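For reference, the structure is listed below as structure tokens.
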Amino acid sequence: MEVTSMTTAPPEQSTQTQIKPELSNLVEGLIQIDASDTARLFYDEFEGKGFYSTNKSGDLIALIIRSNTKNIQPLEHCTKLKELYLESPDLEEIPDYIFKLKSLTRLHITGSRISNIPQEIKNLANLKYLNFESNSIKCIPESFSELLNIEVLTLSNNSLSEFPTSILKSKNSRILRLDLDHNKIKNIPEEIEKLSHLKFLTLSQNQIKELPASLSNLKELIALSLDHNEISEVGNSLKGIPSLFHLTLSNNNLKNLKGKLPDVRAILELHGNDLTIPDPSFHELTPSEKIEVLNNFDEFTLKPLKQAKILVVGDERVGKTSIINRLLGNPHNENQTSTQGIDISELTFNDYTANIWDFAGQELTHQTHQFFLTERSLYIYVLDAQKEDNQARDLHWLNTIKSYSADSPIIVVANHSDQNSNYQFDLQRYQGDFNIVQVISTSACNLNTLPEEVKNKIGNSIERLTSEISNQLPKLNGINRLLPESWHKVKESIELYKKTENIIAKDIYDSECQRQGIGAKPLQTALLKILNSIGTVVAYPNDFRLKLTQILKPEWVTNAVYKIVRSPSSTPGVYSEDLISSILDDDYTLIQQQWLIDLLIKFELGFRLQHNNDLLIPMRLPSVTPEYNRNSYSKGLNIRFNYHRKGLLKSNTLPQLIVRMHNYVDEKTSKYWRSGIFVSHKDCKGIITADEHNQSIEVNLTTRDENARNLLQWIRSNIEAIEKAQINANRDKAKPYNEEIALFDETYSQVVGYVNYDRIERAFIKEKDSISLEVINPESGEFEDIDYNVPTLLGQYKRTNDSKLGPHYILVFLTRTLLRFTEFRAKIINEMEDDINDRLKESLNSNGILVSDQSRGGFSGSGKGSGERDLVILNEYGQQEAIIEAMVLTNANKKTISKHYDKLINNYNTHGNPADYLITYAKVKNLNHLWRQYKKHLDLDRDMTSDFADKTNIKIGKSVIKIDDTEQTRHIFHIMVNFGVPPES
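All residue numbers for the sequence shown refer to my numbering, where the first residue is 7 and numbers rise by one.
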């Protein structure tokens with residue numbers, strides 16, 4: 007697709023016809039597009055810009071005018087005009103001369119202040135698409151009934167108080183789509199059945215209370231949006247619609263839909279109503295499962311859950327267990343031993359039952375807490391009032407709690423206050439960042455043993471703690487949720503099993519759910535998540551490796567995990583299966599031991615060594631940094647991930663990064679220690695170290711080339727993934743670190759400053775070759791400004807001539823890049839789709855092809871929502887050039903293939919891209935077989951594999967799609983690259 011300005015395009019190269027002189031003022035300042043292009047695509051893509059196109063005679067055939075519509079009188083001479091788009095807040099009425107443009111097939115007048123549509127609209131008899139969105143229109147003229155060719159009518163976001171009945175009076179209505187959302191419509195007339203060809207009807211955001219029975223006569227209706235109204239009853243108005251793919255009834259006043267919904271094939275949205283549903287996971291069910299639940303759910307008796315989990319955390323020897331013993335009514339034990347894993351007690355507070363989890367406080371066990379920290383729980387953080395104020399300690403525990411459960415309330419308990427009754431916890435310091443609901447000074451000692459002055463100062467602190475827990479439990483999110491009696495019965499059965507069994511087989515749980523009438527798998531999973539969150543069991547229903555034996559007695563699994571990580575090994579950090587067997591004794595079968603190893607790997611506490619399959623647990627590695635030549639790592643890319651608030655760099659971040667990066671370990675070095683790892687990729691070497699004191703992770707690489715950039719991207723994406731997992735409750739907020747580039751002196755022996763990575767990348771996008779940065783002169787100690795080369799700071803980024811960008815250029819580059827990735831398929835085979843996308847993005851960016859990731863740009867069912875594109879290639883103006891949609895395939899799953907292809911075709915706003923790309927990251931033994939099945943599923947127009955040299959690792963194809971009812975086409979290139987078993991030589 008070509009876009010050129012009339013003032014800059016050389017006449018001999020332009021394929022466009024000069025406009026007639028009398029119309030030149032009308033198009034002044036607008037951009038001319040080829041007559042073969044669809045103006046609608048440019049209208050959607052280039053906000054704020056105007057366009058036009060002409061036929062061979064110089065007549066206007068398409069016109070897009072924004073902002074200034076005051077001087078458009080020459081429009082009356084544009085008798086050949088087919089498409090007209092006007093958008094201006096200054097436009098208050100439709101000019102009379104527009105009704106003379108009888109060739110118009112598409113008229114858009116949007117974002118204006120029009121309140122009245124004249125009767126003369128009937129003169130535009132050829133109109134197919136009519137859009138008056140975002141005006142102030144209050145009624146529709148009767149003459150609308152004479153527009154017999156209208157197929158799409160949009161009147162969204164106006165001031166209509168009544169349904170436009172004039173469109174129902176047409177003798178031969180052809181309307182296929184009708185958008186009336188965001189108005190003030192109160193009723194839908196029975197006559198709506200006259201729109202017999204209607205396929206899409208949007209009436210969201212109105213004031214509709216009832217639905218007419220005649221809706222059921224719209225037999226061709228595919229999508230119906232009625233969300234955000236006041237509908238309390240649907241009767242039989244929907245039951246007879248046979249072909250609905252999408253029905254939205256969210257945010258109404260519906261209470262009962264039993265037997266009243268049609269068979270919806272794809273999407274059924276019901277949230278935001280007063281429906282009685284078993285669990286929020288109801289909204290994850292398929293339409294047929296939702297209908298089944300609604301048809302049967304009112305037969306169940308509902309009871310509140312009234313059960314939760316209390317997690318008690320803190321350092322070793324602060325008195326956590328002693329506090330819990332006093333809560334349980336036991337006397338203080340002076341000789342109380344430290345908790346070695348997790349102890350679990352049950353206690354009732356008024357009508358609420360709590361499972362109290364007492365966590366080991368030894369630093370070695372902190373990383374394992376992530377197994378069991380849950381949302382919707384009450385946390386008690388215990389500290390020792392005898393020890394001086396320790397901000398780093400407090401931040402560690404408060405951030406750990408927030409990482410896994412941001413909204414959970416926290417009670418801070420300052421224990422041993424009998425020994426230091428003057429201790430005060432600095433609540434003001436932390437109140438804004440953490441949900442601390444109370445601070446209580448306590449003593450676990452028996453009350454009658456305390457001196458009178460201490461009693462007077464801290465009072466009966468255990469009683470006050472009990473009272474505060476009783477106050478907080480009823481406020482926990484979800485604790486009062488109503489669950490069917492059948493769910494309670496399954497919970498009670500599991501609690502009985504737990505008394506005699508350490509592992510409850512999955513089929514036993516499934517059978518118990520079936521016996522109680524809980525048949526839908528999502529509902530079974532929802533109940534299991536509830537049992538996990540309240541501490542009844544430990545379950546990981548969403549992890550495919552752990553599903554076979556996923557329902558566990560908490561003490562059984564927690565004690566095993568802690569026992570392994572606390573035990574020493576002859577080679578620090580390395581655990582053979584024989585050693586793990588001896589650690590666990592005879593309490594765990596061989597299968598269970600393997601399951602526990604998988605659990606450690608799942609939570610990234612360890613990984614298997616390739617040469618002997620032993621388990622390496624990084625947190626048990628030596629803490630001493632090995633000797634190495636620091637100068638050799640200072641001349642390449644040097645990056646610092648600066649955790650700008652103390653406590654945000656957790657002690658488990660670097661051990662977890664070692665697990666994620668172990669496939670890149672430099673075998674010719676000391677490999678790794680507790681706070682660092684040597685890595686390599688081709689000729690680039692690197693070292694990653696954590697500096698907890700300075701709250702940073704340092705990355706030092708030996709080169710500034712593509713290998714270094716790729717290695718940095720994988721480090722970056724893994725750190726980001728770790729932080730996302732740890733701050734899941736804050737995933738929409740800023741990252742807890744700044745990524746900074748280290749600036750060295752001329753000899754590369756000393757760091758003289760740091761600069762934000764994003765700042766340098768922005769300078770590169772703006773085509774700046776150098777940038778002045780403030781650094782410290784190592785000799786004088788004074789600040790001075792030094793010019794640095796921008797591409798060098800980024801690792802020798804290349805600039806590309808944007809004119810090279812085009813479908814074939816991008817295809818060839820993608821193919822070559824993906825083939826290069828197959829050289830290290832042993833690493834990629836275990837990576838997720840996002841990880842491989844990160845590799846691809848870095849390769850594109852570093853070669854001058856600008857890419858953004860996961861932009862919002864699709865459409866919801868009502869045509870107004872969202873959709874996530876994996877990667878978006880941008881042109882030199884930062885505008886979209888092409889979309890890359892990616893997926894991982896291990897077999898020819900037709901549903902998965904079709905889902906991603908449909909997303910690329912239908913869900914994304916492609917802005918008239920000449921071509922887009924669907925990439926498959928295959929992980930299979932037989933690529934040829936997968937490719938044949940893939941082509942069969944999608945019926946490709948052409949297999950292009952023979953055009954490329956490598957036919958064993960990569961396959962290429964093309965689909966050609968016709969755009970609407972025009973003569974234009976859109977190309978989808980299919981690239982399938984195999985990271986599975988390498989082909990035999």
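The beta carbon of each residue, even a glycine, is placed where N, CA and C say it ideally should be. All values reported here derive from a predicted model rather than from experimental measurement.
query	result
Reduced DSSP category for Phe979 - H, G, I as helix; E, B as strand; rest coil	strand
Cβ-based neighbour list, Asn984, same chain, cut-off 6 Å, excluding 5 preceding and 5 following	Ala928, Leu933 and Asn959
Rounded distance between the beta-carbons of Tyr358 and Lys312, thought under 8 Å	5 Å
Element boundaries [alpha helix (DSSP H), containing Asn843]	Glu839 to Ser852
Buried versus exposed, by CB contacts within 10 Å (16 or more), Ala832	exposed
Residues that DSSP places opposite Ser965 in a beta bridge	Ile978
Alpha-carbon to alpha-carbon, Leu379 and Thr708	40 Å
Euclidean distance between Cα positions of His668 and Gln756	29 Å
Under the three-state DSSP convention, the category Leu207 falls into	strand
Other residues of its chain near Phe550: CB distance less than 8 Å, five sequence neighbours each side excluded	Because Phe550 carries a pLDDT of 49, less than 50, the predicted location of this residue cannot be relied on, and no value is offered for it.
Separation of Ile100 from Ile127, as counted between CA atoms	10 Å
Residues near Leu110 by beta carbon distance below 7 Å, same chain, minus five either side	Leu87, Lys88, Leu90, Leu130, Asn132 and Leu133
Endpoints, beta strand (DSSP E) assigned at Leu924	Ala921 to Ala928
Expected contact under 8 Å - CB spacing of Leu159 and Ser179 to nearest Å	So it is not a contact: roughly 10 Å between Cβ atoms.
Simplified DSSP state of Asp697, which is helix, strand or coil	strand
First through last residue of the alpha helix (DSSP H) which encompasses Val665	Thr659 to Met667
Sequence ranges, beta strand (DSSP E) only - wholly within the stretch 248-301, length at least 3	252-254 and 273-275
Coarse secondary structure for Cys519, derived from DSSP in three states	helix
Straight-line gap, Ile464 to Asn339 (C-alpha atoms, nearest Å)	20 Å
Same chain only: Cβ atoms within 7 Å of Leu585, ignoring 5 sequence neighbours per side	Ser575
For Ile464: DSSP bridge partner residues	Answer is none; Ile464 lacks a bridge partner.
Distance between Asp697 and Leu655 (C-alpha atoms, nearest Å)	9 Å
Buried or exposed by the 16-neighbour rule on C-beta atoms within 10 Å, applied to Asn257	buried
Rounded separation between Thr975 and Leu944 - CA only	17 Å
Where the beta strand (DSSP E) through Leu687 begins and ends	Per the sequence presented here, residue 687 reads as His, with Leu not at that position. First-last of the beta strand (DSSP E) with His687: Gly682 to His687.
Reference Gln211; option with closest CA among Glu848, Ile198, Asn193 and Lys205	Asn193
Cutoff 6 Å; reference Asp844; Cβ partners in own chain excluding five residues on either side	Gln719 and Ser723
C-beta atoms of Phe684 and Tyr754 nearer than 9 Å	no
Those residues which DSSP pairs with Phe365 across a bridge	Ile348
Residues sharing a beta bridge with Trp679, DSSP	Gly682
Close Cβ partners of Ser142 (< 6 Å) along its chain, the five nearest in sequence each way excluded	Arg119, Ser121 and Ser165
Where the beta strand (DSSP E) through Gln38 begins and ends	Ile37 to Ile39
Secondary structure of Ser162, DSSP reduced to three states	coil
Secondary structure of Glu51, DSSP reduced to three states	For Glu51, the predicted structure reports a pLDDT of 49, less than 50, and the residue's modelled location is therefore unreliable. A value from the coordinates is still provided. If DSSP states are grouped into helix, strand and coil, Glu51 belongs with the helices.
Gly867 classed as buried or exposed, judged by whether at least 16 other C-beta atoms fall within 10 angstroms	Residue placement at Gly867 is poorly supported in this model, since its pLDDT is 30, which falls under 50; the coordinates still yield a value, given next. Buried, since its Cβ has 16 or more Cβ neighbours within 10 Å.
Close beta carbons around Gly986, own chain, < 7 Å, minus the five adjacent residues each side	Ile835, Ala928, Lys929, Val930 and Lys931
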